[in-house]
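A.B. asks: Following this message is one structure expressed as structure tokens.
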Amino acid sequence: MIDNMISPPIQTLQGYKNLVVDVLRLDLIHPTITGNKWYKLKFNLLAAQKNNINTILTFGGAYSNHIFATAAAGQFFGCKTIGVIRGEETLPLNPCLRFATNAGMKLVYVDRTSYRNKHTIEFLTALHEKFGEFYVIPEGGANELAVEGVCELAQTLPQDYDAVVCACGTGTTLAGLRKGFSLDTKIIGIPVLKNGEFLYSEINQLLTNELLQKNYTLLTKYAWGGYAKTPTELLQFITNFTLKNSIPLEPIYTGKLFFAVHDLIQQNYFKNHQKILVVHSGGHQLVVNN
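Numbers given in the working numbering equal positions in the sequence shown, counted from 1, plus 57.
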């Protein structure tokens, strides 16, 4: 059942006379297990299943799309989920965490200082003592199995794109795209965090092939001041873009991505008649009443 997910549709944007600009609509593959999160989860879920582990533990903030998607996947595939949440519990729960609990996820709140130690043996041992056996998926799903999931997706897509552009939080999706597309395809990442140059190191750790490590680009000037910053200009762009194209955006990832692509086109960053693929990674948390 894990393999039976809808293939993402591709939508062509209108109004770009000298370019073909396609959008990979990962936001449409499933009502709740949406976007790039599914591809990062897939091989991790299969690994847990192979090892007969029925509990998934992962990490994230209170509004984490990864927490949302992991909870949804656990409910859909019949496995238990535990979410280690950065920060103190705040009631009433926000829509993301309310959905997660309704989907069966056990939430564990950890203060921000302790959260920084989440990958230490001591931290994980304490969780094992409390919850027993579980399979760990890193925050944001950032590991080699996640890269393989995105790589598999990339290999199913048309290979005639001159450039593929995606938003970057952990850099895992970009790493998978780089691995899955030909080196002739330019892979461009739009970091959503301030000072996103640090992602080169993170991505290169996921891409062990030195040739792949040298064949992608990060454009760091579109972070709009940092993660979750929502200046008026960006919000206006999102509103206008959604009305024109009927593609929902949010300001943390996809809004910044599509603004960047629009700006790059205005600056003639791409050559005439090139074919561009923009990866819509989801991010709209469609809360279901359970």
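Here a beta-carbon is modelled for each residue, glycine too, at the ideal position from N, C-alpha and C.
(1) With DSSP as the reference, label A104 as helix, strand or coil.
(2) Taking the C-alpha atoms as reference points, what is the distance between A317 and E267?
(3) Would you mind working out which of G282, K243, G228, I244 sits nearest Y257, comparing C-alpha positions?
(4) Within the continuous beta strand (DSSP E) that includes D79, where are the two ends?
(5) In angstroms with no decimal places, state the Cα-to-Cα distance between R169 and G117.
(6) Hey, quick one: how far does the alpha helix (DSSP H) through V207 stretch, first residue to last?
(7) Can you tell me where the beta strand (DSSP E) holding Q68 begins and where it ends?
(8) Sort N101, L202, G140, A224 by Cα distance to L334 and report the nearest one.
(9) Starting from H337, trace the beta strand (DSSP E) in both directions and tell me its first and last residue.
(10) Would you decide whether H185 is buried or exposed? Buried here means 16 or more other CB atoms lie within 10 Å of its CB.
(11) State yes or no: is the C-beta of I124 within less than 7 angstroms of the C-beta of Y192?
C.D. replies: On the basis of the coordinates in this document:
(1) In this structure, A104 counts as helix in the three-state DSSP scheme.
(2) C-alpha separation (whole angstroms): 27 angstroms.
(3) The candidate whose alpha carbon is nearest that of Y257 is G228.
(4) From DSSP, the beta strand (DSSP E) with D79 extends over 77–82.
(5) Rounded to whole angstroms, R169 to G117 spans 11 angstroms at the Cα level.
(6) Run containing V207: 201–212, per the alpha helix (DSSP H) assignment.
(7) 67–69 is the extent of the beta strand (DSSP E) around Q68.
(8) Of the candidates N101, L202, G140, A224, the one whose C-alpha sits nearest the C-alpha of L334 is A224.
(9) Here the beta strand (DSSP E) through H337 covers 332–337.
(10) Counting the other CB atoms within 10 Å of its CB gives H185 a total below 16, which places it among the exposed residues.
(11) In terms of Cβ geometry, I124 and Y192 do not form a close pair [threshold 7 angstroms].
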